[in-house]
Ligand code: BG6
């Protein structure tokens with residue numbers, strides 16, 4: 008892209024040079040090292056500029072508009088605004104930018120980041136306000152999990168391999184688990200987090216989006232609207248989450264090997280008596296012919312023992328298994344499990360039963376393992392790189408349409424309200440642990456064992 012400029016806009020007064028210095032501190036070269044990385048980075052920095060202004064000032068945005076026009080020099084101009092700002096100023100910025108700094112001869116698009124409201128009402132209100140100034144086609148709502156390589160690959164795996172799609176239903180799948188864990192707390196983000204909690208921060212968007220892609224019917228095509236239509240359909244087929252199918256937790260301080268790890272409420276921006284969950288597990292159900300009765304379990308938490316995001320698919324028992332005797336009493340140990348490890352160490356592996364070589368008949372569990380780092384030595388692009396390029400190209404498939412957002416909130420809002428109304432106290436778990444024991448009871452209620460905690464996991 009030859010005629011490309013990046014403008015920073017915020018209240019802080021900065022010169023172009025100061026902005027460039029800030030960017031160069033974190034800029035990395037994503038192209039082949041042989042291709043003159045330094046030069047490319049320099050060329051990029053020369054295209055970066057800055058304009059200081061207030062978020063609600065149409066006058067300041069007019070000034071930005073003049074500077075943009077100067078750079079565009081009469082050519083067709085396309086403008087992409089990326090709003091990396093707190094939600095309470097979304098609408099002010101969109102108003103000023105759309106009224107004063109829209110392109111007059113090309114497209115104008117706006118990328119917004121979550122949180123898109125806190126519940127159905129506030130999210131609907133935000134959408135209504137944005138739509139006073141923008142059409143749906145101009146709004147690109149980011150869920151960066153949709154830009155992750157393994158999440159993109161989910162549909163490829165399912166729809167382009169004969170061995171998977173025919174198994175993708177209640178007939179063969181016993182349960183599906185969507186697991187997110189981080190081994191650090193809310194560090195420095197307590198102010199934001201305390202108003203949202205882990206259910207809104209991770210489950211209602213990242214995990215639910217993966218679930219929708221996992222469970223949707225085959226779309227008519229890969230066009231954005233066809234894919235998003237199927238996602239909305241499956242979300243609308245889901246039963247709103249019930250409070251008795253949710254458990255919540257919050258991390259407490261913990262000392263290990265002479266080091267002490269803080270509690271969530273030790274964060275100075277978090278009220279001491281906060282009941283905000285930093286961990287949650289939930290069981291969701293899809294009321295359609297394909298998934299009737301199959302539990303979709305979600306688990307998300309901060310300050311756990313490991314950092315990991317994965318999808319686990321546990322298959323049913325082999326009917327009349329000939330080798331039953333070789334497995335002892337625990338037949339669950341012999342079922343197949345497909346794991347998509349989104350991060351870290353991207354991988355797809357399938358647990359199968361196998362005979363241990365030798366004269367006897369001893370069975371063993373092995374993994375058919377596609378480890379990305381071994382198969383694809385090239386660096387995997389960051390989710391945001393993919394999504395930004397898509398927004399520039401006008402590819403909307405990986406962005407959230409407003410009816411999808413409404414459907415997602417409709418599933419979570421009643422339960423979130425009840426949780427707050429009933430002042431449910433989260434179960435405390437030590438920082439760095441495997442989370443509250445309640446998650447096991449919830450899974451057990453549906454005859455499920457968390458795959459990430461099983462002893463034979465790789
Ligand atoms: C964000 C959440 O959306 O995703 C954060 O607000 C979380 O709380 C982050 O830490 C995780 O993203 P990633 O890509 O690091 O797994």
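Numbering (this note's numbering), first residue to last: 8 to 465.
Just so it is clear, CB atoms sit at the ideal spot from N, CA and C, and this is done for glycine as well.
Counting of Cβ neighbours within 10 angstroms places residue 256 among the buried residues, the total reaching 16 or more. According to the DSSP secondary-structure assignment, residue 383 is paired through a beta bridge with no residue. Going by DSSP, residue 149 is part of the beta strand (DSSP E) stretching over 146–149. The three-state reading of DSSP puts residue 305 in strand, counting E and B together. By the neighbour-count criterion, in which 16 or more other beta carbons inside 10 Å mark a residue as buried, residue 143 falls on the exposed side. The segment 144–162 makes contact with the segment 215–226; the number of CB pairs closer than 8 Å reaches 3 or more. Beyond the five residues adjoining it in sequence on each side, residue 209 comes within less than 6 Å, by CB distance, of 187 and 307 in the same chain, given in chain order.
In the displayed model, residue 46 falls within a helix according to three-state DSSP.
Look at the beta carbons and you see the segment 348–356 touching the segment 314–325: at least three pairs across the two are nearer than 8 Å. Between residue 189 and residue 225, the C-beta gap is not smaller than 9 Å, which leaves the two residues out of contact. The beta carbon of residue 457 sits closer than 6 Å to those of 450, all from its chain and outside the five residues before and after it, given in chain order.
Distance from residue 195 to residue 283 at the Cβ level is roughly 15 Å; contact not present, criterion being Cβ atoms closer than 8 Å. By the Cβ criterion, the segment 292–301 is in contact with the segment 164–184, since at least three pairs of Cβ atoms, one from each stretch, lie closer than 8 Å. At least one heavy atom of the ligand BG6 lies closer than 8 Å to the C-beta of residue 189. Collapsing the DSSP output to three states places residue 366 in coil.
Straight across, the Cα-Cα distance linking residue 88 with residue 119 is about 9 Å. Note on geometry: alpha-carbon atoms of residue 363 and residue 373 lie some 10 Å from one another. Relative to the ligand BG6, the nearest heavy atom lies less than 8 Å away from the CB of residue 200. Comparing alpha-carbon positions, the option among 393, 250 and 367 lying closest to residue 431 turns out to be 250. Taking each of 139, 52, 63 and 181 in turn and checking the Cα distance to residue 342, the smallest one comes out for 181. Nearest to residue 303 by C-alpha distance, out of 166, 384 and 246, is 246. Remark: C-beta atoms of residue 262 and residue 293 do not approach each other more closely than 9 Å.
When secondary structure is reduced to three states using DSSP, residue 125 falls in the coil class, being assigned neither helix nor strand. Contact between residue 65 and residue 103 holds: their C-beta atoms lie close to 5 Å from each other, under 8 Å. Residue 170 is classed as exposed because its beta carbon has fewer than 16 other beta carbons within 10 Å across all chains shown.
When DSSP reads this structure, residue 256 sits in a beta bridge with 286 and 434.
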